[in-house]
Amino acid sequence: MWNPRFDLKVRLTLRVAAISAACFAAISAYFLVSADRAAHARIDSIAAIVAKSLELQQGKVQWVASPRADFPNLDPVSAYVMTPGLCLAFRGTGGDNLQRFCSGAPAPANPPPQAFAAFYRSLFNPEREAARPVIVRGTRLGETVVSIDPAVQTAEAWHEAGRLMIALAIALPLLCALVYAALARALRPTRMIGDGLQRIAAGDLSTRLPPFDLAELSAIRDVFNHLAERLDTALAERNDLTRKLIALQDEERRHLARELHDEFGQSLAAIRALAASARQTAAQDCPDLLGECDSIARTATGMMETLRGALFRLRPPDVDELGLVASLEGLVSGWNGRSRGQPRFDIRFEGAFESVPTSVSANLYRIVQEALTNAAKHAGATRVSLHLTATESEIALVVEDDGGPNEASAKSGMGLLGMRERVAALRGHLSFETSPHGSALRVFIPLAPADRQALGHAA
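No gaps in the numbering here: position 214 of the sequence shown is 213 in numbering that gives the first Met the number 0, and each next residue is one more.
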């Protein structure tokens with residue numbers, strides 16, 4: 000299941016979105032604070048203008064000595080400073096408003112939400128009044144009071160914030176899309192690095208990464224290629240050593256087979272000959288010893304049969320002379336003869352095996368030999384089937400049996416380990432699986448380019 004926590008592009012995009020939203024919020028707060036300060040500065044300046052105008056009115060009244068009480072008169076100044084929602088008032092020294100003008104404000108087309116209005120009132124003071132004293136010849140006559148309707152100021156603030164929110168709603172998804180696309184393009188090599196690691200894990204040590212534009216990824220690429228080369232070299236050296244050890248082991252087996260055949264085999268033949276001679280003598284002089292002589296002959300014959308089987312396992316027929324197919328068919332026939340149908344061994348071939356390299360043929364024969372031994376001795380199977388397939392790129396071997404789930408065959412001495420060593424020496428891979436319905440051994444051995452060409456011509 001896809002989890003965004005592990006997607007670097009999504010995580011970075013979300014962080015950029017969060018930072019952008021925080022920046023938009025800071026800009027909105029700055030605009031709101033600036034708008035509030037501008038509104039307060041405006042009503043302060045209007046209050047100062049109105050106070051000055053009233054001072055001039057009072058000075059004119061005193062200069063012309065007019066007995067009319069036309070002070071204060073806010074009509075002349077209101078015509079110039081009035082805006083929607085603005086209120087002008089003159090407050091006497093007793094605290095009463097002697098004159099007050101307020102301009103109406105049309106209902107806003109998009110009234111602010113109540114949550115925004117409450118939030119705005121909690122942070123600012125839209126009901127604030129600006130007052131300026133009216134002083135004439137050192138006498139305080141009162142003060143002018145200017146205020147703005149809180150609903151009008153809140154609506155203006157919402158209008159400014161709304162434009163920023165629209166800009167945020169448009170810019171933020173676009174920014175996230177651009178950032179994600181840029182990150183996807185910049186981090187595209189990471190997918191190549193992941194694929195390269197998977198190929199290395201699958202055994203393809205020829206994998207190399209191409210140059211990258213980013214310095215950090217180029218450093219990873221250099222380390223990756225260096226490690227791949229070192230691992231390829233180490234594995235090649237290990238496989239070469241394994242091949243040498245296997246060759247030495249096969250040579251020791253052949254030497255042991257010759258020793259057993261020359262020494263132990265001749266001794267058993269001599270025992271049989273002596274038993275036959277003793278039987279002839281006993282038949283004339285002591286008939287009671289005939290049973291012992293026959294018993295000695297039968298024991299020697301059984302030991303010779305056992306020795307013959309051991310020699311066959313130690314020194315199989317020459318695969319170079321007989322070919323892989325004939326050698327394996329003979330091996331399966333020998334197992335069927337010795338097991339007398341319990342279990343039954345079957346073998347099937349697909350492809351051309353005439354041009355399979357000698358080293359591959361010899362190791363395949365040994366692998367099949369060990370696999371059949373394990374299946375016969377440890378799986379308790381009634382049927383063992385072998386399927387050998389040769390293609391232009393690899394040779395595949397599948398050995399299946401219907402035995403019960405038994406891990407003894409996987410842990411039997413050096414059998415499976417020896418097969419793994421032989422397969423590793425050929426740079427192939429081996430898998431062994433067990434289930435309630437049986438077990439399966441699968442071996443895949445790649446062919447070198449020259450071997451592929453030879454196999455293709457043979458096909």
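We treat Cβ as the ideally placed atom computed from N, Cα and C, and that holds for glycine.
So, are the CB atoms of residue i and residue j less than 8 Å apart?
i	j	result
residue 371	residue 383	yes
residue 163	residue 27	yes
residue 76	residue 52	yes
residue 360	residue 318	yes
residue 375	residue 338	yes
residue 341	residue 390	no
residue 46	residue 129	yes
residue 223	residue 213	no
residue 363	residue 330	no
residue 259	residue 306	yes
residue 153	residue 105	no
residue 402	residue 417	no
residue 437	residue 400	yes
residue 195	residue 206	yes
Output needed for residue i: all residues of its chain with C-beta closer than 8 Å, excluding positions within five of it in sequence on either side, in chain order.
i	result
residue 179	8, 9, 12
residue 335	343, 344
residue 147	38, 42, 84, 85, 86, 125
residue 282	289
residue 328	346
When you compare only the Cα positions, how much space is there between residue i and residue j?
i	j	result
residue 38	residue 15	34 Å
residue 466	residue 168	The structure shown does not extend to residue 466, since the chain is modelled only from 0 to 458, so the question has no answer here.
residue 144	residue 49	9 Å
residue 443	residue 366	12 Å
residue 17	residue 175	10 Å
residue 141	residue 19	51 Å
residue 248	residue 234	20 Å
residue 308	residue 225	50 Å
residue 289	residue 369	42 Å
residue 414	residue 420	10 Å
residue 190	residue 219	13 Å
residue 465	residue 29	The first residue shown for the chain is 0 and the last is 458, placing residue 465 beyond what the model contains.
residue 446	residue 326	20 Å
residue 280	residue 246	50 Å
residue 132	residue 95	14 Å
residue 158	residue 78	26 Å
residue 6	residue 186	11 Å
residue 210	residue 177	25 Å
residue 357	residue 286	57 Å
residue 184	residue 197	21 Å
residue 284	residue 294	18 Å
residue 459	residue 121	Because the chain is modelled from 0 through 458, residue 459 falls outside the range shown and cannot be assessed.
residue 236	residue 243	11 Å
residue 114	residue 137	48 Å
residue 100	residue 21	42 Å
residue 441	residue 373	14 Å
residue 412	residue 221	In this prediction, residue 412 has a pLDDT of 44, which is less than 50 and means its spatial position is unreliable; nothing more can be read from the coordinates.
residue 250	residue 257	11 Å
Might you give, ordered along the chain, the residues of its own chain that have their beta carbon closer than 7 Å to the beta carbon of residue i, omitting 5 neighbours on each side?
i	result
residue 423	238, 241
residue 102	81, 82, 83, 84, 85
residue 216	188
residue 35	123
residue 135	54, 57, 58
residue 466	As displayed, the chain neither begins before 0 nor continues past 458, which places residue 466 out of reach and without an answer.
residue 156	31, 34, 119
residue 393	443, 444, 445, 446
residue 428	202, 422, 443
Once you ignore the five residues that flank residue i on each side, which residues in its own chain have a CB closer than 6 Å to its CB?
i	result
residue 98	71, 73, 89
residue 182	8, 11
residue 270	299
residue 439	399, 432
If residue i and residue j are in contact, beta carbons under 8 Å, what's the gap, nearest whole angstrom?
i	j	result
residue 387	residue 431	Incorrect: roughly 17 Å between the Cβ atoms, too far for contact.
residue 160	residue 31	6 Å
residue 296	residue 268	Their Cβ separation, rounded to whole angstroms, is 12 Å, which puts residue 296 and residue 268 out of contact at 8 Å.
residue 292	residue 272	Contact flag wrong, Cβ pair sits at about 12 Å.
residue 385	residue 346	4 Å
residue 92	residue 139	6 Å
Within 8 Å of any Cβ in chain D, is that where the Cβ of residue i sits?
i	result
residue 152	Absent from the structure is chain D; it holds one protein chain and no more.
Please determine whether the Cβ atom of residue i lies at a distance below 7 Å from any heavy atom of the ligand HEM.
i	result
residue 127	Here there are no bound small molecules, and the ligand HEM is not part of this structure.
- request: Spell out a yes or no on whether the region 251-270 and the region 290-303 are touching, meaning 3 or more CB-CB pairs, one atom from each, closer than 8 Å.
  value: Segments in contact, yes.
At least three beta-carbon pairs within less than 8 Å, the region 200-210 to the region 170-185: no
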